[in-house]
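A short worksheet on the structure shown next.
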Amino acid sequence: MKKYIVALALVALLATAPLGLGGYEISVLLMILFYIILALGLDLVTGYCGQFSFATGAFYGIGAYTAAIMNRDLGTSIWLHLPAGAIVAGSFGLMLGIPALRLTGHFLAIVTIAFQTIMYLAISQWTSFTGGQVGLSLRGTDPLRIFGIELFELGSLKSYYWVTLAVTASCVLIAWRLVNSRLGREWIAIRDDETLACAVGLNTTFGKLTAFVAYAALAGIAGVLTAHSLRGVTPDDFTIWISATVVAMMVLGGRGTFVGPIIGAILLALLPEFLGRYAEYKMLIYGIVLIFGMTFVPEGVVGRFRRSTAR
149 MKKYIVALAL VALLATAPLG LGGYEISVLL MILFYIILAL GLDLVTGYCG
199 QFSFATGAFY GIGAYTAAIM NRDLGTSIWL HLPAGAIVAG SFGLMLGIPA
249 LRLTGHFLAI VTIAFQTIMY LAISQWTSFT GGQVGLSLRG TDPLRIFGIE
299 LFELGSLKSY YWVTLAVTAS CVLIAWRLVN SRLGREWIAI RDDETLACAV
349 GLNTTFGKLT AFVAYAALAG IAGVLTAHSL RGVTPDDFTI WISATVVAMM
399 VLGGRGTFVG PIIGAILLAL LPEFLGRYAE YKMLIYGIVL IFGMTFVPEG
449 VVGRFRRSTA R
């Protein structure tokens with residue numbers, strides 16, 4: 149019960165935060181929320197299911213470009229883009245997962261890196277469809293109406309923030325329910341010993357696919373939110389560096405701990421704000437954090453804390 153009270157209090161605090169902040173500070177909060185969704189999604193497939201992936205940026209971009217293309221060609225708004233982005237990115241996750249999840253470890257990681265590269269080349273070179281290096285812009289979102297009654301209007305950065313916060317809280321809740329369900333326990337069994345999981349009758353192929361699809365769908369949702377927040381998309385927003393950053397966040401916080409990737413996302417998203425003129429070296433610092441974490445604190449900050457507390 150205490151966990152739920154703390155979670156509700158945190159959401160309430162975040163909901164009131166924009167009231168006393170400027171545009172730049174709200175943009176930083178938005179970026180943190182995007183990264184929380186991405187890190188949680190990666191934790192499902194890597195932290196809980198044990199399948200390595202460096203394709204987060206690809207699925208992130210698929211969701212964003214789904215929103216941008218639908219907005220351009222169909223004139224639709226974010227209310228349709230959110231489910232569409234999750235479905236399209238999840239479908240790509242399924243198509244990649246069916247052949248790729250026959251591999252394990254570093255071989256799977258290499259395949260996901262290749263997929264990331266292919267998607268970047270596709271969205272940067274397919275000029276007639278994706279706009280190429282110029283990218284695509286999105287027009288403002290129409291108010292949410294039901295039976296002609298206007299319920300919500302997205303006319304400011306603050307309103308986008310509140311929608312993003314609500315979607316992020318929903319994604320966190322969905323991820324929490326997944327990892328604490330029978331399916332989540334199957335993921336953990338596959339991660340710990342896939343051979344033993346097969347021996348006791350678990351369908352490990354189905355388990356790995358569901359984790360991969362959930363991971364891709366969450367990244368797609370984050371992409372839709374980002375596209376609407378920035379009012380546009382370009383290929384350079386969805387490179388392999390995004391994938392590496394999210395991996396660093398998960399490793400720093402602690403994979404397979406649920407709250408760890410959230411903490412890692414907050415810490416690394418805020419880090420450039422404290423680096424000042426050295427912020428241009430953030431990727432170098434992320435790489436150092438990743439190497440240090442994997443070498444000396446493989447269980448992450450939360451994992452180390454839990455182990456110390458248990459002792």
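The sequence shown runs 149 to 459 under this note's numbering.
Just so it is clear, CB atoms sit at the ideal spot from N, CA and C, and this is done for glycine as well.
What did DSSP end up calling Leu432 once you bin it into helix, strand or coil? On the sequence shown, residue 432 is found 284 positions in, with the first residue counted as 1. Reduced to three states, the DSSP call for Leu432 is helix.
Could you give the DSSP three-state label for Val381: helix, strand or coil? As a position in the sequence shown, residue 381 is number 233, starting the count at 1. In the structure shown, Val381 sits in a strand (DSSP, three-state: E or B).
Under the DSSP definition of a beta bridge, which residues are partnered with Ser285? Your numbering for residue 285 matches position 137 in the sequence shown. Answer by DSSP bridge pairing, in chain order: Gly380.
How is the alpha helix (DSSP H) around Ala203 delimited, first residue to last? Stepping through the sequence shown from its first residue, residue 203 is reached at position 55. No alpha helix (DSSP H) contains Ala203, which DSSP labels as neither H nor E.
Return the CA-CA distance between Thr358 and Gly245, expressed in angstroms with no decimal places. Sequence index remark: in the sequence shown, residue 358 carries index 210 (1-based). Sequence index remark: in the sequence shown, residue 245 carries index 97 (1-based). Rounded to the nearest angstrom, the two C-alpha atoms are 9 Å apart.
Check whether the region 387-399 touches the region 428-448, taking contact to mean three or more Cβ pairs, one atom from each stretch, closer than 8 Å. yes
I'd like the span of the alpha helix (DSSP H) that includes Arg330, first residue to last. Numbered from its first residue, the sequence shown carries residue 330 at position 182. Start and end: 330-340.
Grouping DSSP H, G and I as helix and E and B as strand, with all else coil, what is Leu366? Here residue 366 is taken as the residue at index 218 of the sequence shown, counted from 1. It is helical.
In whole angstroms, give me the CA-to-CA distance for Ile185 and Trp274. Locating residue 185 in the sequence shown gives position 37, counting from the first residue. Locating residue 274 in the sequence shown gives position 126, counting from the first residue. Those two C-alpha atoms are separated by around 28 Å.
On the three-state DSSP scale, how would you describe Thr265? Taking the sequence shown and counting its residues from 1, one reaches residue 265 at position 117. Three-state DSSP puts Thr265 in a helix.
Do the CB positions of Gly233 and Ile390 come within less than 8 Å of each other? In the sequence shown, the residue the question calls residue 233 occupies position 85. In the sequence shown, the residue the question calls residue 390 occupies position 242. Not in contact: Gly233 and Ile390 (Cβ atoms no closer than 8 Å).
Is the beta carbon of Cys197 closer than 8 Å to that of Gly355? Taking the first residue of the sequence shown as 1, we reach residue 355 at position 207. Taking the first residue of the sequence shown as 1, we reach residue 197 at position 49. Contact flag set, yes.
Counting Cβ pairs, one atom from each stretch, are 3 or more of them under 8 Å apart for the region 271-286 and the region 212-221? yes
Drop a sphere of 10 angstroms on the beta-carbon of Arg425, count the other beta-carbons inside from all chains shown, and report buried for 16 or more, exposed for fewer. Position 277 of the sequence shown, counted from the first residue, corresponds to residue 425. When all chains shown are included, Arg425 counts as exposed.
Quick check: what's the CA-CA separation for Gly253 versus Gln199? On the sequence shown, residue 253 is found 105 positions in, with the first residue counted as 1. On the sequence shown, residue 199 is found 51 positions in, with the first residue counted as 1. When rounded, the distance between both Cα atoms is 7 Å.
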